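Following our numbering, the numbering of the sequence shown begins with 199 at its first residue and continues without gaps. Worksheet: one structure, shown below.
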Amino acid sequence: SATFGGFNFMEFYADNRAIINSLRVKNWIICELEASLVLFYTGVSRESAKIIADQSRNLRAGFSDTLDAMHDIKREALLMKECLLKGDFAGIVESMRQGWQSKKRSAKTVSNPHIEEIYDSAIGAGALAGKVSGAGGGGFMMFFVPPERRMDVIRELKRFNGQVSNCHFTKHGTQAWRI
199 SATFGGFNFM EFYADNRAII NSLRVKNWII CELEASLVLF YTGVSRESAK IIADQSRNLR
259 AGFSDTLDAM HDIKREALLM KECLLKGDFA GIVESMRQGW QSKKRSAKTV SNPHIEEIYD
319 SAIGAGALAG KVSGAGGGGF MMFFVPPERR MDVIRELKRF NGQVSNCHFT KHGTQAWRI
């Protein structure tokens with residue numbers, strides 16, 4: 199999705215087709231999101247290919263919990279789109295919470311004790327919801343934080359060997375530069 203820039207809703211089909219729907223999110227919603235999201239690099243490189251392989255193996259083995267989790271993730275993506283377009287931040291928080299719980303049910307390798315400790319610490323400091331981006335296992339985590347609790351959460355996250363970043367959305371696709 200980062201390749202396309204902006205806010206997108208992606209639909210995937212069995213014949214390897216994907217449709218990218220650009221969402222028209224109002225500026226005030228984007229500003230509120232930027233003020234409410236905290237990114238944290240866990241310092242742990244993730245093995246996304248292994249996690250995706252675990253999910254695929256679980257599906258092929260007929261593990262109903264994995265299939266149910268995938269359906270729940272799809273349902274949360276649809277709900278997140280609607281909440282985002284309406285500026286329903288309570289809905290965004292709940293969808294993020296549910297999506298993270300569903301993602302963890304899809305494969306045991308999505309989370310680990312270190313990620314859970316970071317998550318629990320951020321929630322304890324005032325974050326309302328959080329999740330690992332991508333397949334999971336490490337990499338970046340994203341937390342939804344009321345702006346008045348932002349510094350509390352950042353201070354708590356700095357206890358871990360990682361890096362806190364602000365969140366800024368752009369309408370341009372992926373960009374790179376050298377400093």
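Positions of the beta carbon are idealized from the N, C-alpha and C atoms, including for glycine. Source: prediction; values computed, not measured.
Own chain partners of residue i with C-beta closer than 6 angstroms, once the 5 adjacent residues on each side are dropped
i: Ala267; result: Ser300, Arg303, Ser304
Counted within 10 angstroms of its Cβ, other Cβ atoms place residue i as buried (16 or more) or exposed
i: Lys329; result: buried
i: Trp298; result: buried
i: Arg348; result: buried
i: Ile313; result: buried
i: Ser254; result: exposed
i: Gly260; result: exposed
i: Gly360; result: buried
i: Ala212; result: exposed
Sequence-distant residues of its chain with Cβ nearer than 7 angstroms to residue i (five each side left out)
i: Cys281; result: Gly289, Ile290, Ser293
Bridge-paired residues (DSSP) for residue i
i: Gln373; result: The partner list for Gln373 (beta bridge, DSSP) is empty, contrary to what the question assumes.
i: Ser363; result: Leu237
i: Trp287; result: Reading the sequence as shown, one finds Phe at residue 287 and not Trp. None, per the DSSP bridge assignment.
i: Phe205; result: Leu221
Reference residue i; option with closest CA among the options
i: Leu231; options: Ala216, Met278, Gly241; result: Met278
i: Gln296; options: Asn225, Ala327, Ile217; result: Ala327
i: Ala323; options: Glu274, Thr307, Asp350, Cys365; result: Asp350
i: Thr240; options: Gly371, Asp286, His370, Met340; result: Met340
i: Phe338; options: Cys365, Arg357, Glu354; result: Cys365
i: Asp263; options: Lys306, Val242, Ser243; result: Lys306
i: Val223; options: Phe287, Pro345, Glu354, Leu355; result: Phe287
i: Lys272; options: Leu355, Phe207, Val362; result: Phe207
i: Asn219; options: Ala374, Gly204, Glu315; result: Gly204
Sequence-distant residues of its chain with Cβ nearer than 8 angstroms to residue i (five each side left out)
i: Phe210; result: Ala216
- prompt: In chain order, which alpha helix (DSSP H) runs of at least 4 residues are fully inside the stretch 208-245?
  reply: With a minimum length of 4 residues, the continuous alpha helix (DSSP H) runs that stay inside the stretch 208-245 are 225-234.
- request: May I have a chain-ordered list of the beta strand (DSSP E) segments no shorter than 3 residues that lie completely inside the stretch 289-339?
  value: As for any beta strand (DSSP E) of minimum length 3 sitting wholly inside the stretch 289-339, the runs are 327-330, ordered along the chain.
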